[in-house]
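As you go down the protein sequences, you meet chains A and B in turn.
Residue numbers for the first sequence follow my numbering, beginning at 1 and rising by one.
Residue numbers for the second sequence follow my numbering, beginning at 1001 and rising by one.
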Amino acid sequence: MKLAALAWRDVRRQFRSGLLLVMMLGAPLLLTGLIYFAFSSPSGTPEIATVTVAVADLDVPPAGAPLAAGRMLVAGLSRPELAPLLHIVTADSADAARAMVTRGDAGAALVIPADFSAAMLDEVPSATASLFTDPARPLGAGVARDVVQRALDTFSGSALAARLTAVHVTGPAASALAGRAAANFAMSATRAMRNRAVDVAMPQGDSPSFVTRMAAQVMGAMMIFFVFFTGAYGASSFLREQEEGTLARLYTTPTTTTTVLAGKFLGTAVTLLVQVAVLLSVSSLVFGIRWGRPLPVVLASAAMVLAAAGFGVLLVAFVRNSRQTGPMFGVVLTATGMIGGLMTSTFTSLPAGFELASRFTPQGWAMAAWRACLDGRGVASMALPLAVTLAIGATCLAVGVPIMRRRFSQGAVS
Amino acid sequence: MKLLAIAGKDLLQVVRDRRSLIFLLLMPVAFTLFFGLAIPSTGATTHDARMQLGVVDSDGSVLSRRLQLGLADAGAVRPETLDRLQARYIDDLVRRGGYAGVLRIPPGWGAALEAGTPEAVTLVADGNTQDGLAAVQAVDAAVQRFLAAQRVAATVAGTLAVGGGAIQGGAPDVAGVLDAWRSPPLALAVETARAGAVGASSTNEGPYDQASPGMIVQFAVYGLILSAMVLVIERKNRALARLATTPTSRAVILGGHTLAMVALVLVQVLVLEAFGQLALGVHYLASPLATGLVSVALALWAASLGMLLGAFARTEEQVVAWSLIAMFVLAGLGGAWFPLEVTGAAFRTVGHVMPTAWAMDAYRAVLLRGAGVAQTWRPLLILLAFAALFQGVAVWRLARRPD
């Protein structure tokens, strides 16, 4: 009964702290909300901003040329169907176009060389257009490069068709046939846009949308980070109560050290379970995250709570007073969280050492268990991360509790 | 003189607490290093950052093998031929096996292409993932080149068949056109306006070009906990009220506190910039004047935010909680964690309501394009306007309720 009363007192105290509520619930939901907001789009896939491309068309078609290839290229890039990707503005010179990029007014500058039409007409072997891109907007630059490259491929295809035709024909008809080949290729290229080159098939199984998947990864990581923070904060109540003198007053009643330790641990565990339950429920409702099957989710939550509470006890065992808790928690939890992969949960191609390093932290194993849950795996296939997370929690308690017992026993406090 | 004394007292109070160093300098340095190491940069790392693409080649023709070579040469994916056993678990490989996708080339694909009746290849990929989307783009680009080559071959054959001149030899096949396409008549050269190396062919950002300024902006906000705390403690223990009974004007008192905050943030920003320049190779000196002005504007704005927090918070706990929320919201929305370019339109718009977004715009312009003051005056003015607004509200609040 006394144990429950002690636990309840701590739970109430923790849920009355505005700062702790921010850290327990506000911060992880806020961070996930920011990511969700950042990457959500009507299509459910990443949205690409329209990039402004400044075009300097310096093309000078040879005298009597049947076409002005530079002008055709600009017209092609200005087609309405490309408007969501590119916004074409014209510039008088290459310098003016480049200046727009260096000023930040355009994401890329395309300079069409003077011999562009000449290369199309096989009067020079080749011509090279240049694309000058803004490194501060790499995505836009990539889009501009891909679209311009595809347009140039169409022009190159026409030119190649003409050249390959011309090498097989001699006599006065060669030029006309080459021209016809170029025109035919251009027409076939327009028709070919409607053809499907690749059938994309989704792999079997549930596939949350891009943004929901991202939100799930961030929410999982932030939940672990702030659960470990709450675990440490809960354990630090020993320090605060010792400094405020309430622990000494508590020992004037017939209460053993074991009861105090167990009561405080129980209070922290209950707080953590409530925190996890709220975060899982709210994130599921607000962001549509499907956390996985019930039993694996319950086991992952229980293992994480034990590890967080145990890690908190171990940390506090080595902290001298409550003034040290801020820097100690900040440094240790941030460092282990980083190494555990909590700050890089959405990164897709981390260097190999990061994955290995994450296995040296409790947060890394907890993250592995939650990833398995999100993948819809069963208990059997997540046995290892669950077991290791539990083992780390138990080890932390085994080391931390005797120290805490010595520091906060009736004799030491009174 | 009194102004300097108040500022000096505040600074002494902050610096005497060695914990300040952790939040002002050590944590931003640690975060910068970590994110710099974690962000893949193809130009700067030795590990193969290409995505794995499984290939089930049921065709085995010359063209299907060339398609795989073309995919490898393009650089986005690393094609790997799957064995029979792996080919039975394609869905698992894509879902959990680390493959961005699996490409299935059907039997007779090469022959059909040569015959002018191309068949589609199949790509098993999850379009809801970044890797899946990238795999679709890479495969589509490679296959399109083959289809274009086939159309060239067909066009030449068709044109020659119509005749009209003396025909010599047969029309080229698809492989012949692909060979000819290695030296295209119209090529594209890509240059990047990089600071310190204008004209470099690489379009990659350095790994620290986002992390370093991002963490400077984030921890300039976080560092306010310390300075806002001084103000709150003075209000709580009535030191501010007692100071007001001396022949010291309110303007001098508030000016002293503001000056301390500006100095604190400015020193923090300058130390972190020096670390970025010297240790990480970030081009803060690409335009020293512009970098200096961005630093001052950032310090003025951050100090005004510190005054605002200090003016409204009643307890130390409130200062910590509000500073954390301010840090998350301002850093996240303002593009300190990831460039706003990668986010949706609504986020970009809301992001630019935050002063942090303008600070990041100015930093990235200087670091990546080598922009000078002429190109960064707009974000600088906006930062200063935010500073004036926040400072005005803080002064108004402290004038109305000094305790």
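We treat Cβ as the ideally placed atom computed from N, Cα and C, and that holds for glycine.
Note that this is a predicted model, so its numbers are computed, not measured.
Pick from B:Y1099, B:L1186, B:L1368 that is closest to A:S130, judged by C-alpha positions:
Comparing Cα-Cα distances from A:S130 to each of B:Y1099, B:L1186, B:L1368, the minimum goes to B:L1186.
Determine, for B:G1054, whether the minimum Cβ-Cβ distance to residues of chain A falls below 8 angstroms.
By this cut-off, B:G1054 is not an interface position.
If we count the other Cβ atoms within 10 Å of its Cβ and call it buried at 16 or more, is B:T1046 buried or exposed?
Below a pLDDT of 50, predicted positions are generally treated as unreliable, and B:T1046, at 47, falls in that range; no measurement from the model is reported.
Run through DSSP, which three-state label would A:A201 get?
Correct three-state label for A:A201: strand.
Check whether the Cβ atoms of A:I392 and A:W365 sit closer than 8 angstroms, and answer yes or no.
Result yes, Cβ atoms of A:I392 and A:W365 sit closer than 8 angstroms.
A:I339 in three-state terms, based on DSSP:
Helix at A:I339.
Short-range partners of chain B found in the segment 120 to 134 of chain A, where Cβ spacing is below 8 angstroms
The segment 120 to 134 of chain A vs chain B, Cβ under 8 angstroms: M120, D122, P125, S126, A127, T128, A129, S130, L131, F132, T133, D134.
In DSSP terms, what B:T1081 is bridged to
Per DSSP, B:V1055.
State yes or no: is the C-beta of B:K1002 within less than 8 angstroms of the C-beta of B:T1248?
At a Cβ-Cβ threshold of 8 angstroms, B:K1002 and B:T1248 count as neighbours.
Could you tell me which whole alpha helix (DSSP H) segments of length 4 or greater appear in the segment 323 to 386 of chain A?
Here the runs fully enclosed are 352 to 358, 362 to 374.
Under 7 angstroms by beta carbon: chain A residues contacting B:N1237:
Those within 7 angstroms of B:N1237 in chain A number zero; the least Cβ separation is about 17 angstroms.
How about B:A1044: is its C-beta nearer than 8 angstroms to some C-beta of chain A?
Residue placement at B:A1044 cannot be trusted, given a pLDDT of 43 that sits under 50; the coordinates are not used to answer.
At the 8 angstroms Cβ level, is B:M1215 part of the contact set with chain A, yes or no?
Judged by the 8 angstroms Cβ criterion, B:M1215 is not in contact with chain A.
Hey, could you find the ends of the beta strand (DSSP E) A:A108 is sitting in?
Run containing A:A108: 108 to 112, per the beta strand (DSSP E) assignment.
For a contact defined as C-beta to C-beta under 8 angstroms, what are the partners of B:T1349 on chain A?
The contacting residues do not exist; B:T1349 stays about 11 angstroms from chain A at best.
Ignoring anything shorter than 3 residues, give me the beta strand (DSSP E) runs that lie fully in the segment 258 to 293 of chain A, in order along the chain.
Runs of the beta strand (DSSP E) inside the segment 258 to 293 of chain A: none found.
Nearest to A:A56 by CA position, among A:S175, A:S78, A:A201, A:L110, is which residue?
The residue with the shortest Cα to Cα distance from A:A56 is A:L110.
DSSP state of A:T132, grouped into three classes?
Inspection of the sequence shows that residue 132 of chain A is occupied by Phe rather than by Thr. If DSSP states are grouped into helix, strand and coil, A:F132 belongs with the strands.
Please confirm if A:M338 has its CB atom under 8 angstroms from at least one CB of chain B.
A:M338 has a beta carbon lying within less than 8 angstroms of a beta carbon in chain B.
Between A:N184 and chain B, is there a C-beta pair that is closer than 8 angstroms?
Contact with chain B is found for A:N184, since one of that chain's Cβ atoms lies less than 8 angstroms from the residue's Cβ.
Contacts of B:T1155 in chain A (Cβ-Cβ under 7 angstroms):
Correct list: A161, A181, N184, F185, S188.
Per DSSP, B:I1105 forms a beta bridge with which residues?
In the DSSP output, where bridge partners are listed per residue, B:I1105 has B:D1057.
Assess, as a yes-or-no matter, whether the segment 1319 to 1328 of chain B is touched by the segment 1214 to 1232 of chain B under the definition of 3 or more beta carbon pairs within less than 8 angstroms.
The segment 1214 to 1232 of chain B vs the segment 1319 to 1328 of chain B: in contact.
Say whether chain B places a C-beta atom closer than 8 angstroms to the C-beta of A:M219.
When Cβ-Cβ separations below 8 angstroms define contact, A:M219 makes no contact with chain B.
With a threshold of 16 other CB atoms inside 10 Å of the CB of A:R196, please say whether the residue is buried or exposed.
So A:R196 counts as exposed.
Using CA coordinates, which residue listed in B:D1209, B:G1334, B:Q1375, B:A1290 is at the minimum distance from B:T1032?
Looking from the CA of B:T1032, the closest CA among B:D1209, B:G1334, B:Q1375, B:A1290 belongs to B:D1209.
For chain B, check one thing: does any of its Cβ atoms lie closer than 8 angstroms to the Cβ of A:S207?
Yes - at least one Cβ of chain B is within 8 angstroms of the one on A:S207.
Return the CA-CA distance between B:G1372 and A:D105, expressed in angstroms with no decimal places.
If I take the Cα positions, the gap works out to 14 angstroms.
Using a Cβ-Cβ cut-off of 8 angstroms, state whether B:T1117 counts as contacting chain A.
So, not an interface residue.
Span of the beta strand (DSSP E) holding A:I48?
The continuous stretches of beta strand (DSSP E) do not include A:I48, and DSSP gives it neither H nor E.
Return the first residue and the last residue of the alpha helix (DSSP H) that A:R9 is part of.
Here the alpha helix (DSSP H) through A:R9 covers 2 to 16.
Are the C-beta of B:V1395 and some C-beta of chain A separated by less than 8 angstroms?
So, not an interface residue.
So, is B:R1213 buried or exposed, given that buried needs 16 or more other C-beta atoms within 10 angstroms?
In the sequence as presented, Arg is not what sits at residue 1213 of chain B; that position holds Pro. Per the 10 Å Cβ criterion, buried.
Among the candidates A:P351, A:L67, A:P203, whose CA atom is the shortest distance from the CA of B:T1122?
The candidate whose alpha carbon is nearest that of B:T1122 is A:P203.
Start and end residues, beta strand (DSSP E) containing B:L1024:
Where B:L1024 is concerned, there is no enclosing beta strand (DSSP E), given that its DSSP letter is neither H nor E.
Closer than 8 angstroms by beta-carbon distance: list the chain A residues that pair up with B:M1027, in chain order.
Close to B:M1027, with beta-carbon spacing below 8 angstroms, are these residues of chain A in chain order: G330, V331, T334.
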